[in-house]
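Its first residue numbered 360, the sequence shown is counted upward by one per residue in the numbering used here.
These notes are about the structure you will find just below.
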Amino acid sequence: MSKLDQKLVKAEDLFDFCMGILGRIGVNEENARIVADNLVMANLRGVDSHGVARLPTYVERVLRGYIDPQGPIEIVKEHGATALIDAHNNFGQVAAMHAVKLVAEKIKKLGVSCVGVRNANHFGMAAYYVLKLAEKGLIGIALSNGPPAIAPWGGKKPMLGTNPLCIGFPMGKGDAIILDMAISTVARGKIRLAALKGEKIPEGWAFDENGNPTTDPVAALKGTLAPIGGPKGYGLALALDLLCGLVMGSSYLQNVKALDDFSGPSGTGFFIEAIDVEAFIPYREYEEKIAEYVKAVKDCPKREGVNEIFLPGEIEKREMERRAKVGVPLDSEVLESLKKLAERFDVKAPF
């Protein structure tokens with residue numbers, strides 16, 4: 360993206376804009392704050408594919424009845440350290456935050472807790488939920504299934520989602536090691552963003568509908584995405600679909616609807632887990648050891664041409680600090696789509 364095609368927008372202004380739009384389509388203030396915060400934090404961390412670029416599609420799904428902002432977040436089953444939430448087609452972010460709050464509450468007595476969510480929607484950036492748990496000094500895991508994008512290894516028909524996997528380890532003072540990854544070589548959202556911007560994608564990211572490698576994002580979206588590690592990534596995608604979809608009583612395989620598939624509700628499933636370090640070792644000891652661990656990793660002898668070794672999530676953290684100061688860069692296509700929303704719903708645009 361050329362800097363000439365970008366405009367910097369303050370994160371606070373983007374948040375207020377999202378709140379305004381979401382309010383116009385019937386989302387209550389509490390839930391709108393969750394969705395808006397998730398989208399803007401994705402932009403702040405440089406995960407633009409999961410940021411405010413998604414807002415127009417969210418709005419369209421609400422207007423067509425495929426996201427229900429009034430859907431009750433219902434605990435349908437609860438046993439000890441576990442619980443199952445039925446989102447009743449509400450926003451994925453709203454349901455996932457209910458799961459985060461529930462695991463954080465259960466963990467006080469149990470040391471570990473996991474909550475599943477069924478009948479939900481896209482939950483945005485997975486790191487958002489793990490960061491919320493890390494702020495409480497908890498190890499967090501957030502998993503989701505998604506619409507078909509990956510073929511079973513050796514196949515050419517998309518049947519499995521890119522199925523995000525995120526795990527975070529608190530480091531104190533709100534900092535954390537955050538591994539947030541898709542099971543595809545890249546997240547589908549990055550290819551969608553490349554298509555929106557008319558850019559080619561790197562080799563090795565995807566296959567066309569005939570199973571041939573492609574650098575055309577439009578062809579990639581019609582075909583399949585390459586799983587990380589070949590058959591290993593395929594196996595991991597399948598395992599996450601089984602856990603988040605089949606086991607949770609939610610949709611799985613081709614039955615999970617993509618954001619841009621307006622034939623019905625998404626049916627996405629999640630799995631949120633929290634682990635209390637104190638259930639195993641004293642937290643102070645953990646903090647001391649993880650500081651030593653981080654130093655050892657950062658001090659690893661570097662290959663030629665490498666200036667610094669980064670921890671998972673460290674680049675995103677630095678980008679968040681930078682963008683919080685200078686603003687969030689939005690390209691012309693995203694800006695245009697947001698301006699159309701502003702005009703449609705009579706909401707003042709900060710760009």
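For each residue, glycine too, the CB sits at the ideal point set by N, CA and C.
Beta-carbon proximity check, residue i vs residue j, cutoff 8 Å
i      : j      : result
Val399 : Leu373 : yes
Tyr611 : Asn504 : yes
Gly514 : Leu492 : no
Ala565 : Leu584 : yes
Asn480 : Pro428 : no
Ile668 : Val653 : no
Ile537 : Leu497 : no
Ile587 : Thr574 : no
Leu599 : Leu461 : no
Val453 : Leu443 : no
Lys581 : Glu562 : no
Ala508 : Arg547 : yes
Glu336 : Arg423 : For the chain, the structure presents residues 360 to 710; residue 336 sits outside this window and is missing.
Tyr417 : Pro624 : no
Gly379 : Val685 : no
Ala596 : Leu519 : yes
Asp445 : Glu433 : yes
Glu558 : Gly533 : no
Nearest-angstrom Cα separation, counted from residue j out to residue i
i      : j      : result
His438 : Lys468 : 13 Å
Leu694 : Asp620 : 23 Å
Ser696 : Ala708 : 11 Å
Glu673 : Lys698 : 32 Å
Cys377 : Met484 : 16 Å
Glu702 : Val421 : 18 Å
Ser691 : Lys556 : 9 Å
Gly594 : Val406 : 25 Å
Phe630 : Thr441 : 11 Å
Ile393 : Ile550 : 25 Å
Leu363 : Val665 : Only weak support is given to the placement of Leu363: the predicted model assigns it a pLDDT of 48, under 50, and the value that follows is read from those uncertain coordinates. So the alpha carbons of these two residues sit roughly 29 Å apart.
Lys591 : Asn402 : 30 Å
His487 : Ala370 : Just to set this straight, residue 487 is Tyr in the shown sequence, not His. Between Tyr487 and Ala370, the C-alpha separation is close to 16 Å.
Met360 : Val687 : Low confidence applies here, because Met360 scores a pLDDT of 46, under 50, leaving its location unreliable and the question unanswered by this model.
Phe704 : Val489 : 33 Å
Phe710 : Leu367 : 8 Å
Lys516 : Glu388 : 41 Å
Glu651 : Gly470 : 24 Å
Phe525 : Pro576 : Checking the sequence, you will find Cys at residue 525 rather than Phe. Roughly 25 Å separates the two Cα atoms.
Among the options, the one whose alpha carbon lies nearest that of residue i
i      : options                        : result
Leu618 : Ile649, Arg413, Asn390         : Arg413
Val606 : Gly594, Lys516, Lys616, Thr627 : Thr627
Asn397 : Glu389, Asn387, Gly410         : Gly410
Val476 : Ile498, Trp512, Pro431         : Pro431
Ala541 : Val615, Asp375, Ser408         : Ser408
Leu700 : Leu490, Ile634, Gln365, Ile384 : Ile384
Asp539 : Glu675, Met679, Glu680, Ala579 : Glu675
Ser609 : Glu494, Pro506, Glu419         : Pro506
Ala633 : Asp658, Pro529, Cys603, Leu689 : Pro529
Val459 : Asn387, Glu433, Gly499, Asp445 : Gly499
Leu602 : Gln613, Glu646, Asp534, Asn522 : Asn522
Asp375 : Lys616, Ala395, Lys532         : Ala395
Tyr645 : Gln365, Ala535, Asn478         : Ala535
According to DSSP, residues forming a beta bridge with residue i
i      : result
Leu471 : Per the sequence shown, the amino acid found at residue 471 is Val instead of Leu. Val471 pairs with Ile634.
Met540 : Leu524
Val687 : Val368
Thr573 : Ala565
Asp534 : Gly531
Pro586 : Ser543
Ile384 : Per DSSP, none; premise fails for Ile384.
His502 : As written in the sequence, residue 502 is Leu, which differs from the His given in the question. Paired residue(s): Leu524, Phe630.
Ile509 : Leu519
Residue i beta carbon near the ligand MN (any heavy atom closer than 7 Å)
i      : result
Val656 : In the structure shown, the ligand MN is absent, as is every other ligand, since no ligand is present at all.
- Entirely within the stretch 639 to 670 and at least 4 residues each: give me those alpha helix (DSSP H) ranges in chain order. 642 to 657
- Counting only runs of 3+ residues fully inside the stretch 422 to 498, write out the beta strand (DSSP E) ranges in chain order. 433 to 438, 441 to 445, 471 to 479
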